[in-house]
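A.B. asks:
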Amino acid sequence: MNALEKASLKELFLSSPALQEEARALEEENPHQGKRCNFLRANGECLVYEARPIVCRTHGAPVQAKGLDVEGETWVDVCPLNFQGIEISSLPPAHVLNLDTINMILAVLTNHGFRGDESRTLLSVGAILHE
Ligand code: SF4
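Taken in order, the sequence shown gives residues 1 to 131; the numbers are from this note's numbering.
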């Protein structure tokens with residue numbers, strides 16, 4: 001997650017000591033044996049749902065982006081579990097998130113508030129709160 005997303009999570013934890021405590025306990029408990037996100041509760045709920053990073057917000061939805069291997073080519077993809085039996089090329093363009101646009105907006109907003117900070121942070125309470 002980038003500096004803006006980290007700031008959002010930091011604000012959430014600082015505003016809720018109970019949530020911060022639960023996050024620490026969840027990391028300690030490690031119900032998914034390190035194979036899933038530190039903030040995924042044992043029951044499958046996201047502990048930080050209201051402040052989750054962009055990648056989480058777009059996960060599972062139909063998305064499109066410019067291809068990395070073929071310059072200029074746009075690919076569209078979906079989570080196959082969410083769209084079984086649907087031909088993805090038949091999805092209306094208005095129902096497909098444009099990741100390039102979303103990432104550009106995120107980069108502009110991040111640059112506005114955190115100019116020069118290219119750092120990435122792991123999803124852990126200690127890293128988010130600079131401990
Ligand atoms: S922060 Fe993202 S990856 Fe982690 S539990 Fe929440 S939605 Fe899932």
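Backbone N, C-alpha and C define an ideal beta-carbon position, used for all residues, glycine too.
To which residues does DSSP link residue 106 through a beta bridge?
C.D. replies: Looking at the DSSP assignment, residue 106 forms no beta bridge with any residue, so it has no partner.
A.B. asks: Quick one: any contact between the segment 87-100 and the segment 119-131, if contact means 3 or more CB pairs under 8 Å?
C.D. replies: No contact exists between the segment 87-100 and the segment 119-131.
A.B. asks: Taking 5 Å as the limit, name every residue whose beta carbon sits nearer than that to some heavy atom of the ligand SF4, in sequence order.
C.D. replies: Answer in sequence order: 37, 39, 40, 46, 52 and 56.
A.B. asks: Using beta-carbon positions only, say whether residue 7 and residue 119 come within less than 8 Å of one another.
C.D. replies: Not a contact, by the Cβ cut-off of 8 Å.
A.B. asks: Measuring alpha carbon to alpha carbon, tell me which of 96, 58 and 82 ends up nearest residue 76.
C.D. replies: Closest option to residue 76, Cα to Cα, is 96.
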